[in-house]
Amino acid sequence: MAATSAPESPEDDKPSNQFDDELVGLDPDDPEARAFAAHLDRQHRVRSGYTVEGYLSDVGDFADSANRLGGHYKLMAGLLVLLILLGVTITAWDAIVFVVTTFLR
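Going by our numbering, 39 is the number at position 35 of the sequence shown; the sequence numbering is gapless.
Structure (structure tokens):
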């Protein structure tokens, strides 16, 4: 299993390639320019969407963006996650009940 690296954040000390390619003329030490470069890096990242790793990295991106926004957006993201977990729990419970009642008849 391949090790995954943490997503780049604006606080990383290494400069992004974006300053050489698309952000020519911007100061690499400016926090806003670094945050925009990190945003561009996330937009240009290509990964397989039809694998478990792809889905998990998308969930990680969702969690990172909810944490960056904060406030009521973070609360709504948490509520969305709880609703999804509730749906999965109900579905699993229904499947278990179906299997048990089928074998006990």
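Where is the CB? At the ideal position from N, CA and C, for every residue including glycine.
Mark A96 as exposed unless 16 or more other C-beta atoms lie within 10 angstroms of its C-beta, in which case mark it buried. Taking the first residue of the sequence shown as position 1, residue 96 is located at position 92. So A96 ends up on the exposed side.
Can you list, in chain order, the residues of its chain with a C-beta nearer than 6 Å to that of A81? Leave out the 5 residues immediately preceding and following it. In the sequence shown, the residue the question calls residue 81 occupies position 77. Answer for A81: A70, listed in chain order.
Return the CA-CA distance between H48 and V104, expressed in angstroms with no decimal places. Residue 48 sits at position 44 when you count from the first residue of the sequence shown. Residue 104 sits at position 100 when you count from the first residue of the sequence shown. Those two C-alpha atoms are separated by around 48 Å.
In or out: A41 buried (at least 16 other Cβ within 10 Å) or exposed? Locating residue 41 in the sequence shown gives position 37, counting from the first residue. Counting Cβ neighbours within 10 Å, A41 comes out buried, since at least 16 surround it.
Can you tell me where the alpha helix (DSSP H) holding R72 begins and where it ends? Your numbering for residue 72 matches position 68 in the sequence shown. Residues 56-73.
Would D31 pass as a contact of A39 if the rule is Cβ separation under 7 Å? Mapped onto the sequence shown, residue 31 falls at position 27. Mapped onto the sequence shown, residue 39 falls at position 35. No.
Could you give the DSSP three-state label for D31: helix, strand or coil? Position 27 of the sequence shown, counted from the start, is the residue given in the question as residue 31. Of the three classes helix, strand and coil, the one that applies to D31 here is coil, per DSSP.
Assign R38 to one of three DSSP states: helix, strand, or coil. The residue labelled residue 38 in the question sits at position 34 within the sequence shown. Residue state, collapsed to three classes: helix.
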